[in-house]
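Read in order, the letters of the sequence shown are residues 15 to 364 in this note's numbering.
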Amino acid sequence: MPAEERTEQATPRRRQEARRRGQVARSVELSSVAVFLAAVLTLKAVSEGALQGAMESMRYALANLHHTEFSPALALSFVTGCLAPAGKAFLPVIGVAMVVGVVVNLLQVGVMFTAEPLVPNWARINPISGFMRLVSRRAFVESAKTLLKVFLIGWLTFSAVRADAAMLLRTSEIDPLMVLMLVGQLLYKVAWRVGLAMLVLAILDYGFQRYEYEKSLRMTKEEVKQEMKQMEGDPQIRARIRARQQAIARRRMMQAVPKADVVVTNPTHYAVALQYDASKMTAPTVVAKGMNLIALRIREIAQQHGVPIVENPPLAQSLYRNVDIGQQIPPELYQAVAEVLAYVYRLRGG
15 MPAEERTEQA TPRRRQEARR RGQVARSVEL SSVAVFLAAV LTLKAVSEGA LQGAMESMRY
75 ALANLHHTEF SPALALSFVT GCLAPAGKAF LPVIGVAMVV GVVVNLLQVG VMFTAEPLVP
135 NWARINPISG FMRLVSRRAF VESAKTLLKV FLIGWLTFSA VRADAAMLLR TSEIDPLMVL
195 MLVGQLLYKV AWRVGLAMLV LAILDYGFQR YEYEKSLRMT KEEVKQEMKQ MEGDPQIRAR
255 IRARQQAIAR RRMMQAVPKA DVVVTNPTHY AVALQYDASK MTAPTVVAKG MNLIALRIRE
315 IAQQHGVPIV ENPPLAQSLY RNVDIGQQIP PELYQAVAEV LAYVYRLRGG
């Protein structure tokens with residue numbers, strides 16, 4: 015029997031399970047290119063300070079090369095003196111690159127903490143599975159992407175150098191500082207062009223990774239049905255939960271009977287407890303109602319707490335069928351209920 019096709023979109027539960035396992039749509043290329051472009055732009059912005067820092071490091075190195083006695087303290091001082099100016103100048107570049115790397119990853123996958131990817135998966139060392147991965151569509155796309163990157167970087171670098179070849183051939187006639195600035199401009203132009211080209215590839219790669227991720231999460235119709243059953247639970251369990259909820263609601267309803275002003279009965283089949291507080295209610299409210307055994311229990315509680323019981327079969331039936339617990343009576347029942355309440359108030363007054 016052929017395997018059922020995975021044609022259904024992933025459910026939220028399946029997505030949560032995949033995320034818990036560390037499976038997310040993420041492009042490493044996009045993060046790398048974003049960090050690279052951020053570093054290039056920041057380096058361009060601080061290039062003057064970086065150049066001064068590099069020159070200070072060079073001057074310090076040349077000024078201290080005459081030391082002939084070696085010691086660990088001297089070596090540490092020499093290294094610190096050479097690297098400190100340049101490091102201070104390049105610190106913004108490192109900081110911006112780190113921030114951009116974190117932000118891009120958060121935009122792709124959000125905040126996620128899971129140790130499941132660290133658990134050894136022995137299926138990955140299966141030689142058959144490994145060979146299948148080598149000849150898979152993903153492997154083909156990765157190989158094509160690598161070749162395209164190598165071609166683009168080589169072509170962009172060659173075109174930029176060829177455009178400035180005449181200038182590079184005259185570097186022996188130019189001041190060394192000017193040569194350094196020209197080379198820096200050339201490197202920036204090459205890096206910017208390469209970065210933009212890689213950004214386009216990275217965006218396409220993210221789209222491919224997203225497509226592959228969604229495809230890997232697809233489900234069969236049977237899997238969707240099974241998951242719905244699991245989420246809904248066993249019918250017997252649902253019935254027990256529903257019965258417990260009804261018992262809790264009934265207990266709360268019975269606790270409201272002693273606060274009622276009157277209980278209207280059928281006299282045996284129906285019982286409806288009404289409460290009316292003119293300062294809080296615009297009309298009398300049904301606080302409890304029931305049939306048969308529940309009606310009997312309502313009457314018993316009313317008798318125990320001295321709540322008047324009035325037999326009015328038409329009114330009791332109408333209240334039971336048309337008014338839910340916690341609702342106020344409809345206008346068409348105002349007259350009948352008012353007469354019952356007036357009778358109760360006269361009994362209390364008497």
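Glycine included, each C-beta is placed from N, C-alpha and C at the ideal position.
Here Asn336 is exposed. Its C-beta has fewer than 16 other C-beta atoms within 10 Å.
Counting only runs of 3 or more residues that sit fully inside the stretch 274–346, the beta strand (DSSP E) segments are 276–279, 284–289, 299–305, 323–325, in chain order. The Cβ atoms of Pro327 and Asn280 lie closer than 9 Å to each other. Judged by beta-carbon spacing, Met267 lies within the 9 Å limit of Ala302, meaning their Cβ atoms are closer than that value.
Pairing Tyr290 with Met305 gives a Cβ-Cβ distance that is not under 9 Å. Residue state for Glu228 is assigned as helix, using DSSP reduced to three classes. Spatial neighbours of Gln30 in its own chain (CB-CB distance under 8 Å, excluding positions within 5 residues in sequence) are not present. Cβ-Cβ separation between Ala216 and Val107: approximately 20 Å, too far for a contact (criterion under 8 Å). Sequence-distant partners of Thr56 (beyond 5 residues in either direction) whose C-beta falls short of 8 Å from its own C-beta, in its chain, are Pro106, Val107, Val110, Ala111. Around the beta-carbon of Val164, fewer than 16 other beta-carbon atoms lie within 10 Å, marking it exposed. Looking at the DSSP output, Glu22 shares a beta bridge with Met233.
Short of 6 Å from the beta carbon of Val60, and not among the five residues preceding or following it, lie these beta carbons of its own chain, in chain order: Pro106. Between Glu43 and Tyr225, the CB-CB gap reaches or exceeds 9 Å.
The beta carbon of Lys273 sits closer than 8 Å to the beta carbons of Gln289, Val301 from its chain, once the five residues preceding and following it are set aside; these are given in chain order. For the pair of segments examined, the stretch 310–319 was found not to touch the stretch 330–350: the number of CB pairs separated by less than 8 Å stays below three. Membership of Ala253 in the alpha helix (DSSP H) is indicated by the continuous run 249–270. Excluding five sequence positions before and after Lys58, the CB atoms of its chain that fall closer than 7 Å to its own CB belong to Tyr202, given in chain order. Of the other Cβ atoms in all chains shown, fewer than 16 fall within 10 Å of the Cβ of Phe154; this residue is therefore exposed. Where Ser46 is concerned, the enclosing alpha helix (DSSP H) starts and stops at 42–59.
Relative to Thr282, the option among Ala261, Ile308, Ile262, Ala270 whose CA is nearest is Ile308.
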